[in-house]
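Undergrad:
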Amino acid sequence: MKFCSHCGTRMEDKAAFCPNCGAPQTRQTAQGGYNTNAYQQPQYQQPQYQQTQNQYAQYQYLEPYPTGGLMALSIITALFCLIPGIVAINKTRSINNCATYEEQQQMIRSVKIWCAVGIAIGVLAIIGRMAQ
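So this is what it looks like as structure tokens:
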């Protein structure tokens with residue numbers, strides 16, 4: 820007599836299926852072990868790992884740009900004309916967040932342009948008020 824490999828029910832040696840649960844049974848070999856040909860183990864593939872590229876490799880270390888003078892100019896611009904001054908202040912604060920040197924230089928030029936426009940508008944407004 821042998822036992823079901825699935826539920827443990829006692830059954831005849833020649834039974835191919837368990838009379839209780841219906842599970843297929845493997846045949847025993849002459850040495851008393853199980854026939855390994857009846858069940859094939861699933862074949863697993865080794866995972867393929869790809870070397871990841873460093874996404875930050877294109878960035879270089881930039882020395883912090885001293886923004887004190889530009890911040891003072893931006894605040895003076897805000898006194899002459901509020902909107903260009905606020906834009907210049909925000910751009911001055913983001914200068915040291917740039918990824919490349921070229922982007923940093925472009926941001927500095929942008930701050931200077933906003934300051935020049937804001938001061939020019941402010942001066943024109945003062946002259947216009949004096950003329951009245």
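Heads up, the sequence shown is in the numbering used here, so the first residue is 820 and it goes up one at a time. Ideal Cβ placement from N, Cα and C applies to all residues, glycine included. Bear in mind the structure is a predicted one, so any value in this text is a computation, not a measurement.
How many Å lie between K931 and G937 at the Cα?
TA: Using only the alpha carbons, I get a separation of about 10 angstroms.
Undergrad: Along the chain, where does the alpha helix (DSSP H) that runs through N909 open and close?
TA: Looking at the DSSP string, the run of the alpha helix (DSSP H) that includes N909 is L901 to R912.
Undergrad: Where do the N-terminal and C-terminal ends of the alpha helix (DSSP H) with E921 fall, by residue?
TA: Counting along the chain, the alpha helix (DSSP H) containing E921 begins and ends at Y920 to A950.
Undergrad: Hey, out of R928, L901, A939 and M820, whose CA is closest to T886's CA?
TA: Among R928, L901, A939 and M820, the Cα nearest to that of T886 is on R928.
Undergrad: Quick check on DSSP: helix, strand or coil for M830?
TA: Residue state, collapsed to three classes: strand.
Undergrad: Taking the alpha-carbon of E882 as reference, which of Q865, I908, T896 and E921 has the nearest alpha-carbon?
TA: Looking at the Cα atoms, E921 is the closest of the given residues.
Undergrad: For H944, tell me which candidate among F899, T828 and W933 has the shortest Cα-Cα distance.
TA: The amino acid at residue 944 is misidentified as His; the sequence shows Ala. The candidate whose alpha carbon is nearest that of A944 is F899.
Undergrad: For G888 and R948, I'd like the C-alpha separation in whole angstroms.
TA: Cα-Cα distance, rounded: 29 angstroms.
Undergrad: Which residues does DSSP list as the beta-bridge partners of P843?
TA: Looking at the DSSP assignment, P843 forms a beta bridge with F836.
Undergrad: Nearest-angstrom Cα distance between R912 and V906?
TA: Spanning the two alpha carbons is a distance of roughly 10 angstroms.
Undergrad: Would P838 be called buried (16 or more neighbouring beta carbons within 10 Å of its own) or exposed?
TA: So P838 counts as exposed.
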